[in-house]
DNA sequence: CGTATTCTTGATTGGCATCAATCCAGGTGG
DNA sequence: CCACCTGGATTGATGCCAATCAAGAATACG
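Residue numbers (my numbering), protein chains in the order written: chain E, 1 to 240; chain X, 1001 to 1240.
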């Protein structure tokens, strides 16, 4: 399930594609040396978990490659997906001793892992690290409030429009690609993210495709054709 | 609208009922002296705003007394309430230059206000302050994720059950009172918090009252009669 | 090539929204 | 003091969007 990759004398960080992630980019040469030394490199396969709901919150993670999701399950099987994870995302800092979500890989995924203890010490000696983590938290909160707004106020069509624009922005920020939106998750995942059913997601994709707002070369790839309209529907204003 | 109260040589903090709030309790004598000196005391009346959506995020606030709410409006008049505010709540730290929510008073409300600039400097010289603010943010995020879960997964009855238990816990933490839950907001506010309509809130109150789960001496006061059942419905587990 | 899984589409149902009327408390002015 | 007004809360009647139930189409996989 979880495997550690061997460490070498060289800094693994130097060749890491997440070296410029929100977390790591703040650290200078010396800082990155310490971060690098304390990090475990974790690798999980499709459907496997980085950590699980109810498990002790002993670690924090920075996603190196691949994608994943954060989910919460209810006792009767309902599921809410809190976020989809992109390379560079920093996760795991929670206020309670037990995790309220699981982190699951959508395909093969790698991450750096630090114990809370080590991370606390690092933050003590590198205040710019705590500052950065605070700002990451701020950003995550803002995104989560967007999600609250979408779940509380919007209908299925508006939800999906918002979802597509949101994912496009995230993908662009993480990988630079903006042409077609790649959706490695299932319709069921999208449904559980937006608080609707699989059927509604599928129907709504069909509908906005028929309306000419998107092209759907295959179920997991979306090209936005009428951005303006989509933005109006979603009430989505990217602040570039 | 917004008025400043006169400053005296004495520390206003000493007599402040929020002196033990998450933000202030971390500061020692020296620290509280600086916090005190830099704070503007703000007072707003019922229905007035501490700050508004789209306005520059120039300040942070700590609620001293009274209650309020954080709301986001959509262009066509829909509204989502993000949180209800209790004394001791710290708000305003946002990642974007413009606020994504408004903070509105439910009755007369007072707060301490600091400019972001001052707060940034304070955090620089008092690292325990930034640490504390990071932890507050963590806690707020966890609460917001609970809200996502509720909005995405739960029906009207479950939502209201969750709401009541949540408010009871918040009230107890802020004021100590646990007997009856005081709800200074309208049914419409509750509706916009839970993503349902006024009528549904009203009907659901009536329903769970008829079921004997709560007593409703008047519309703004709730006494929980069958906590177990309510917790089961809400899938709410307080982690005392 | 068969089996499983996901996606899609259709038919029906149901929970909540919508529309509307009434109730009730508090405030105002004659 | 009382008639009137107002805003919030409640309750009833009806309609609609999305959930549910069901089945077929497409795709992946052993």
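Positions of the beta carbon are idealized from the N, C-alpha and C atoms, including for glycine.
Listed along the chain, the chain E residues whose CB falls inside 8 Å of the CB of residue 1030/X amount to none; the nearest CB is some 19 Å away.
Residues of chain E with a Cβ closer than 7 Å to the Cβ of residue 1235/X are, in chain order, 74 and 75.
Between residue 188/E and residue 1050/X, the alpha-carbon positions lie close to 41 Å from each other. Take residue 1173/X, set aside five residues on each side of it, and no residue of its chain has a beta-carbon closer than 6 Å to its own. Counting along the chain, no beta strand (DSSP E) covers residue 1196/X, and no H or E run does either.
Per DSSP, residue 101/E lies in no beta strand (DSSP E) and is assigned neither H nor E.
Residue-level contact by beta carbon holds for residue 149/E and chain X, with a gap shorter than 8 Å. Of all C-beta pairs linking the segment 61 to 68 of chain E to the segment 1119 to 1131 of chain X, fewer than three are shorter than 8 Å, placing the two stretches out of contact. Inclusion of residue 93/E and residue 1138/X in the CB contact set at 8 Å is warranted, their separation being smaller than that value. Excluding five sequence positions before and after residue 202/E, the CB atoms of its chain that fall closer than 6 Å to its own CB belong to 187, given in chain order. C-alpha of residue 1019/X to C-alpha of residue 1028/X: approximately 11 Å in a straight line.
Pairing residue 1235/X with residue 74/E gives a Cβ-Cβ distance under 8 Å. As a beta-bridge residue in DSSP terms, residue 110/E pairs with 43/E and 65/E. DSSP places residue 85/E inside the beta strand (DSSP E), whose first and last residues are 79 to 85. DSSP, read as helix, strand or coil, puts residue 164/E in helix. In summary, residue 1033/X is exposed, with fewer than 16 beta-carbon neighbours lying within 10 Å of its beta-carbon over all protein chains present. DSSP, read as helix, strand or coil, puts residue 1055/X in coil. Measuring C-alpha to C-alpha distances from residue 102/E to each of 30/E, 53/E and 122/E identifies 53/E as the nearest. Nearest in C-alpha terms to residue 220/E, of all of 57/E, 227/E, 196/E and 180/E, is 180/E. Contact between residue 1151/X and residue 152/E holds: their C-beta atoms lie close to 5 Å from each other, under 8 Å.
Not one beta carbon of chain E lies nearer than 8 Å to the beta carbon of residue 1057/X. When CB distances to chain E are screened at a threshold of 7 Å, the residues of the segment 1129 to 1140 of chain X falling below it are 1130, 1131, 1133, 1134, 1135, 1137, 1138, 1139 and 1140, in chain order.
Of all residues in the segment 36 to 67 of chain E, none places a beta-carbon less than 7 Å from a beta-carbon of chain X. Proximity to residue 1167/X across 1213/X, 1086/X, 1145/X and 1111/X peaks at 1086/X, based on C-alpha coordinates. DSSP places residue 1223/X in the uninterrupted beta strand (DSSP E) bounded by 1221 to 1224.
Contact of residue 121/E with chain X by beta-carbon distance below 7 Å is absent, the smallest such distance being about 13 Å.
For residue 151/E, the uninterrupted alpha helix (DSSP H) segment begins and ends at 127 to 153.
For residue 215/E, the uninterrupted beta strand (DSSP E) run begins and ends at 214 to 218, by DSSP. Look at residue 1177/X here: in three-state DSSP terms it is coil, with no helix or strand label. In the three-state reduction of the DSSP assignment, residue 158/E falls in the helix class, which pools H, G and I. Residues of the segment 1078 to 1092 of chain X with a C-beta less than 8 Å from any C-beta of chain E: 1078, 1079, 1080 and 1082, listed in chain order. Residues of chain X with a Cβ closer than 9 Å to the Cβ of residue 16/E do not exist, since the nearest Cβ in that chain sits about 24 Å away. For residue 121/E and residue 133/E, the gap between their C-alpha atoms comes out near 14 Å. Annotation for residue 38/E: 114 and 118 place their beta carbon closer than 6 Å to its own, counting only its chain and skipping 5 residues before and after. Shortest Cα-Cα distance from residue 1044/X to any of 1023/X, 1106/X and 1206/X involves 1106/X.
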